[in-house]
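Down below is the structure, laid out as C-alpha coordinates.
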Amino acid sequence: MNTLAVTLPPDLKARLEALAAETGQTLEECLLVAVREYVENWETHLTDVHQIDEHEARAVLNAASED
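Position one of the sequence shown corresponds to residue 1 (UniProt numbering), numbered consecutively onward.
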(Lines of atoms letter the chains of each structure in order from A and count residues from 1; the text may use other names and numbers.)
(Lines give C-alpha, C1' and ligand atoms only; values in the text may rest on other atoms or scores of the structure.)
Protein backbone atom coordinates (compact mmCIF):
# COMPACT_ATOMS: atom_id res chain seq x y z
CA MET A 1 0.00 0.00 0.00
CA ASN A 2 0.99 3.61 -0.51
CA THR A 3 1.09 6.24 2.21
CA LEU A 4 -1.01 9.38 1.84
CA ALA A 5 -0.91 12.32 4.25
CA VAL A 6 -4.22 14.05 4.92
CA THR A 7 -4.85 17.21 6.92
CA LEU A 8 -8.22 17.21 8.69
CA PRO A 9 -9.94 20.00 10.58
CA PRO A 10 -9.77 19.28 14.33
CA ASP A 11 -13.53 18.75 14.69
CA LEU A 12 -13.62 16.21 11.85
CA LYS A 13 -10.62 14.36 13.27
CA ALA A 14 -12.29 14.18 16.69
CA ARG A 15 -15.47 12.78 15.14
CA LEU A 16 -13.45 10.23 13.18
CA GLU A 17 -11.54 9.18 16.31
CA ALA A 18 -14.81 8.77 18.22
CA LEU A 19 -16.29 6.60 15.46
CA ALA A 20 -13.13 4.54 15.22
CA ALA A 21 -13.17 3.91 18.96
CA GLU A 22 -16.86 3.05 18.97
CA THR A 23 -16.50 0.61 16.06
CA GLY A 24 -13.21 -0.89 17.23
CA GLN A 25 -11.38 0.17 14.09
CA THR A 26 -8.19 2.13 13.60
CA LEU A 27 -8.16 5.57 12.02
CA GLU A 28 -6.47 4.01 8.98
CA GLU A 29 -9.25 1.44 8.61
CA CYS A 30 -11.93 4.14 8.83
CA LEU A 31 -10.16 6.36 6.31
CA LEU A 32 -9.66 3.46 3.92
CA VAL A 33 -13.39 2.65 4.04
CA ALA A 34 -14.29 6.33 3.51
CA VAL A 35 -11.96 6.79 0.54
CA ARG A 36 -13.01 3.48 -1.03
CA GLU A 37 -16.71 4.40 -0.75
CA TYR A 38 -16.06 7.90 -2.13
CA VAL A 39 -14.19 6.55 -5.15
CA GLU A 40 -16.73 3.79 -5.86
CA ASN A 41 -19.70 6.17 -5.54
CA TRP A 42 -18.19 8.80 -7.84
CA GLU A 43 -17.03 6.24 -10.39
CA THR A 44 -20.56 4.83 -10.53
CA HIS A 45 -22.13 8.29 -10.72
CA LEU A 46 -19.82 9.48 -13.50
CA THR A 47 -20.28 6.24 -15.45
CA ASP A 48 -24.05 6.72 -15.25
CA VAL A 49 -23.80 10.36 -16.34
CA HIS A 50 -21.60 9.46 -19.31
CA GLN A 51 -23.98 6.71 -20.39
CA ILE A 52 -26.93 9.09 -20.20
CA ASP A 53 -25.05 11.68 -22.25
CA GLU A 54 -24.10 9.12 -24.90
CA HIS A 55 -27.23 7.00 -25.23
CA GLU A 56 -30.36 8.82 -24.21
CA ALA A 57 -32.30 11.47 -26.00
CA ARG A 58 -33.62 14.11 -23.65
CA ALA A 59 -36.74 16.19 -23.78
CA VAL A 60 -36.13 19.91 -23.81
CA LEU A 61 -38.58 22.21 -22.11
CA ASN A 62 -39.07 25.64 -23.62
CA ALA A 63 -40.66 28.50 -21.74
CA ALA A 64 -43.99 29.57 -23.15
CA SER A 65 -43.97 33.08 -24.52
CA GLU A 66 -46.79 35.49 -23.83
CA ASP A 67 -48.17 36.67 -27.16
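Even for Gly, the Cβ is constructed at its ideal location relative to N, Cα and C. Being a predicted model, the structure only gives us computed values, none of them experimental.
- Excluding its 5 nearest sequence neighbours in each direction, L31 has no C-beta neighbour in its own chain below 6 Å.
- In terms of Cβ geometry, L27 and A20 form a close pair [threshold 7 Å].
- Secondary structure note for A18: its alpha helix (DSSP H) is the uninterrupted segment P10 to T23.
- For N62, the secondary structure class from DSSP, reduced to helix, strand or coil, is coil.
- Assignment of N41 by DSSP, reduced to helix, strand and coil, places it in the helix class.
- A5 carries a coil assignment under DSSP once its states are collapsed to helix, strand and coil.
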